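Numbering (our numbering), first residue to last: 147 to 556. Even glycine gets a Cβ: it sits at the ideal position worked out from N, Cα and C. Note that this is a predicted model, so its numbers are computed, not measured. Remarks on the structure that follows.
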Amino acid sequence: MGTAQAATLAASLSRIVADPNDMVSLSDVLRQRQLIARMIEASQGEAPLQQVLNGAVHTAAQGCPAPMAKILEIDRTDDTLVLKSQCGMPAGAIGRTAGKAVEGNPAGEALKNAEPVIDIDVRRRPPESLPDILKDNNVVTSVSLPLINHDGPYGILEVDFPEPTQIGAFHISFLAVVAGVLADNIEKIHARAALIVERDAKAVLLREQQHRIRNNFQLIIAMVQRSVLQTTDDGCRKNLRDIERRVFAMASLYDHLLGLSVQAERADLGRYLSAMAASFDDFYALRTSGIALKIELQFGIDVDLDTCTTVGTIVNELVANSVEHAFGGSEGQITVSMTREADDLCAVTISDNGHGLPAAALESTGLRTVRLMLNGIGGRLDVQTAPERGVKWSILFSDTPPRKRGAAKP
Numbered sequence: 147m148g149t150a151q152a153a154t155l156a157a158s159l160s161r162i163v164a165d166p167n168d169m170v171s172l173s174d175v176l177r178q179r180q181l182i183a184r185m186i187e188a189s190q191g192e193a194p195l196q197q198v199l200n201g202a203v204h205t206a207a208q209g210c211p212a213p214m215a216k217i218l219e220i221d222r223t224d225d226t227l228v229l230k231s232q233c234g235m236p237a238g239a240i241g242r243t244a245g246k247a248v249e250g251n252p253a254g255e256a257l258k259n260a261e262p263v264i265d266i267d268v269r270r271r272p273p274e275s276l277p278d279i280l281k282d283n284n285v286v287t288s289v290s291l292p293l294i295n296h297d298g299p300y301g302i303l304e305v306d307f308p309e310p311t312q313i314g315a316f317h318i319s320f321l322a323v324v325a326g327v328l329a330d331n332i333e334k335i336h337a338r339a340a341l342i343v344e345r346d347a348k349a350v351l352l353r354e355q356q357h358r359i360r361n362n363f364q365l366i367i368a369m370v371q372r373s374v375l376q377t378t379d380d381g382c383r384k385n386l387r388d389i390e391r392r393v394f395a396m397a398s399l400y401d402h403l404l405g406l407s408v409q410a411e412r413a414d415l416g417r418y419l420s421a422m423a424a425s426f427d428d429f430y431a432l433r434t435s436g437i438a439l440k441i442e443l444q445f446g447i448d449v450d451l452d453t454c455t456t457v458g459t460i461v462n463e464l465v466a467n468s469v470e471h472a473f474g475g476s477e478g479q480i481t482v483s484m485t486r487e488a489d490d491l492c493a494v495t496i497s498d499n500g501h502g503l504p505a506a507a508l509e510s511t512g513l514r515t516v517r518l519m520l521n522g523i524g525g526r527l528d529v530q531t532a533p534e535r536g537v538k539w540s541i542l543f544s545d546t547p548p549r550k551r552g553a554a555k556p
């Protein structure tokens, strides 16, 4: 039981005095319990506030039974009670005021004193203290129960009758349960709304941070490119190019992530690689070098972000390897493709029609690093190569979450 439900029940039940002569039929007890059960069921999940309020007023009216029921909420700016939900009253009543939280107003007394108010005949009250909403609907008997949360009373559940009506402990206890369930539901909805506001604020902050990171990546790439142009040392230039490629792969991932939900934990690998490959021509000056790039990617294969980052970085490395070593200044073609090999096994292939890969290159430090990276996501790297027939790299990995797969050996 939540805090609001406990407080509301305690306040509503504190004034009940049972009459030993009251006789209640079993059918009436079962009917009320069924109504409460349906109310609870209808408010499960993420039911909107207005749906919960409407369900409560109908439950209260049917369980008494009462021709009218309503929910009022206090406006703290001027202590005015405002109608939030109703049944049995004319259409358009929502938003009307129901007086202030002061003595003389039945609902106001219930809220101010945090206890039920049962008025058999509100017509006996001074006319100036009686809200117009009761007069306009010819209310005679009114029963008001406070809704309470951790900040105190904030609303009223009320049932009304157009003639004098005796309301005993049986119906008051029923209304107390309805009010308690309603207060608990309202508290949960407000807490959920507060979490959504907090989440959205964090989402905006995270999005801004992602933009800054992406911009910093672009700045780093520009700085590295400038350093490449300024250095005359071939080894230093190669190292700088290696850094440039890795930063480019990460910048491409951030560009892709900026188009996804902030809470996304998985990404469409095909769309990410396609977006990254769209920048290859400018990044590697492919057309100037006479190299064609062919893309054959399958969309709809979602992978976790670690896999996305790893595969994207390796694809970038292998494309760079083909650009630098496969063609020896002649024209050629590089193909990047992706297919699903089995239920949870995917393959990304980078191939070229260049001169092939020397056997010594298969044990290079760069390829050992690539295999080590793949080992981290449970993947492997296969290669097929022959002199003057090019090279074909196959990156094989699972698209299932990391916790469900084992790591492959390098």
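Range covered by the alpha helix (DSSP H) that runs through residue i
i	result
Gln-180	172 to 188
Ile-460	451 to 471
Thr-149	149 to 159
Glu-255	252 to 259
Phe-93	Outside the displayed span of the chain (147 to 556) sits residue 93, for which this structure offers no information.
Asp-428	426 to 430
8 Å Cβ cutoff met for residue i and residue j
i	j	result
Val-482	Leu-419	yes
Val-203	Ala-215	yes
Pro-310	Ile-266	yes
Asp-452	Ile-480	no
Phe-363	Ala-397	yes
Arg-557	Leu-542	The structure shown does not extend to residue 557, since the chain is modelled only from 147 to 556, so the question has no answer here.
His-317	Cys-233	no
Ile-294	Ala-206	no
Gly-491	Ile-335	Residue identity check: residue 491 is Leu in the sequence provided, not Gly. Result no, Cβ atoms of Leu-491 and Ile-335 do not sit closer than 8 Å.
Ala-322	Leu-218	no
Ile-485	Ala-472	Residue 485 is actually Thr in this sequence, not Ile. Going by C-beta atoms, Thr-485 is not nearer than 8 Å to Ala-472.
Gly-326	Gln-178	no
Ser-275	Asn-251	yes
Leu-443	Gly-416	yes
Ser-173	Glu-261	no
Val-449	Asp-545	yes
Thr-459	Arg-392	yes
Pro-272	Ala-244	no
Ala-423	Ile-441	yes
Thr-456	Ile-366	no
Arg-242	Ile-182	no
Delimiting residues of the beta strand (DSSP E) encompassing residue i
i	result
Val-482	478 to 486
Ile-264	263 to 265
Ala-491	Going by the sequence as given, residue 491 is Leu instead of Ala. That run of the beta strand (DSSP E) goes 491 to 498.
Val-420	Sequence inspection shows Ser at residue 420; the Val mentioned does not correspond to that position. Counting along the chain, Ser-420 falls outside any beta strand (DSSP E), though it belongs to the alpha helix (DSSP H) covering 415 to 423.
Ser-275	No beta strand (DSSP E) contains Ser-275, which DSSP labels as neither H nor E.
Phe-543	537 to 544
Leu-439	437 to 442
Asp-379	No beta strand (DSSP E) contains Asp-379, which DSSP labels as neither H nor E.
Asp-528	526 to 531
Burial state of residue i (16 or more Cβ within 10 Å)
i	result
Leu-176	exposed
Asp-414	buried
Thr-434	exposed
Val-324	buried
Val-170	exposed
His-501	buried
Pro-504	exposed
Lys-246	buried
Asn-462	buried
Glu-390	buried
Thr-223	exposed
Gly-436	exposed
Leu-464	buried
Asn-361	exposed
Pro-299	buried
Met-185	buried
Asn-167	exposed
Asn-284	exposed
Met-235	buried
Thr-531	buried
Leu-520	buried
Below-8 Å beta-carbon distance, residue i vs any chain B residue
i	result
Ile-294	The structure shown contains no chain B; it holds only a single protein chain.
Every unbroken beta strand (DSSP E) inside the stretch 290 to 324 [3 residues or more]: 298 to 307
Sufficient close CB pairs (3 or more, under 8 Å) joining the stretch 289 to 309 to the stretch 249 to 257: yes
Uninterrupted alpha helix (DSSP H) stretches inside the stretch 193 to 245 (no shorter than 4 residues): 195 to 209
Segment contact, 8 Å Cβ cut-off, at least three pairs: the stretch 327 to 336 with the stretch 267 to 279: no
At least three beta-carbon pairs within less than 8 Å, the stretch 340 to 350 to the stretch 189 to 204: no
Given 8 Å, three or more beta-carbon pairs between the stretch 298 to 312 and the stretch 206 to 215: yes
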